[in-house]
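Peer 1: This note's numbering puts the last residue of the sequence shown at 186; the count rises by one with no breaks.
Input: one structure, supplied below.
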Amino acid sequence: MAAAETTPISLGFKAPQFDLPNTITGENLSLSDIKVDKGLLVMFICNHCPYVIHIMEELVQLANNFESKGFAVIAISSNDVDNYPQDSPEKMKEFAQQYGFTFPYLYDETQDVAKAYDAVCTPDFSVFDGGLKCIYRGQLDGSRPGSGEPVTGAEIRAVFDAVLAGEPVNDLQKPSIGCSIKWK
């Protein structure tokens, strides 16, 4: 389990466009199809990464809490399924059903979307404001598998709460840590 960190890049970039299959519904979904009122959380995850599995229940709870408040949430898997068949679209659908996803789980077969978002690990998080400008790139919280620290979603919850309150997002952003995306 080789760990990788979110690539530090300047905030303020516009969310890159995509058009990917939603493994839950079978229909394609593009960025323009997503209703973004307050903001958008784009997370790169996969089915088998212990870092992702460690936080899945909190991710689903976070989505449940904030989708009703005007935030859109999407998950994308960009892993090479030839070498990691447990991350195939069929298995993604099963994973989404197992955890009760209320948000789309998109499959990035070409890995172009991961590259466009500068994603390098699972999980990798970016939060965009209502105008789709990136306001956060970092960790969900400080918990890691085996750390003993509870999974709270504190960092991303603080971003969403700041947006709802009309306050600036904290500039101190710690990178997410997880398994590297499995590149072709």
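Glycine included, each C-beta is placed from N, C-alpha and C at the ideal position.
Taking the alpha-carbon of Lys-2 as reference, which of Lys-186, Ile-158 and Phe-162 has the nearest alpha-carbon?
Peer 2: Lying before the first or after the last residue shown, residue 2 is absent from the chain, which here runs from 3 to 186.
Peer 1: How should Ala-17 be labelled, buried or exposed, when 16 other C-beta atoms within 10 angstroms of its C-beta is the threshold for buried?
Peer 2: buried
Peer 1: Just to confirm, are Arg-139 and Gln-113 a CB contact at a threshold of 8 angstroms?
Peer 2: no
Peer 1: Run the proximity test for Pro-52: is its beta-carbon closer than 7 angstroms to any non-hydrogen atom belonging to the ligand GTP?
Peer 2: The model on display carries no ligand, and the ligand GTP is accordingly not part of it.
Peer 1: In chain order, what residues of the same chain lie with their CB nearer than 6 angstroms to the CB of Leu-43, ignoring the 5 residues before and after it?
Peer 2: Val-75 and Val-129.
Peer 1: Alpha carbon to alpha carbon, how far is Ala-77 from Ser-145?
Peer 2: Here the alpha carbons of Ser-145 and Ala-77 stand approximately 20 angstroms from one another.
Peer 1: Compare the beta carbon distance of Val-161 and Ile-137 with 8 angstroms and say whether it is the shorter of the two.
Peer 2: yes
Peer 1: Take every Cβ of the stretch 76-92, pair it with every Cβ of the stretch 30-50, and state whether three or more of those distances are shorter than 8 angstroms.
Peer 2: yes
Peer 1: So Ile-2 is in the beta strand (DSSP E); what residue range does that whole segment cover?
Peer 2: Residue 2 falls outside the range modelled here, since the chain spans only 3 to 186, and no answer is possible.
Peer 1: Got a sec? Which residues, its chain only, sit under 7 angstroms from Ala-48 by beta carbon, not counting five neighbours each side?
Peer 2: Note on identity: in this sequence residue 48 is Cys, with Ala being the wrong assignment. Around Cys-48: Val-54, Ser-79, Asn-81, Asp-89 and Thr-124.
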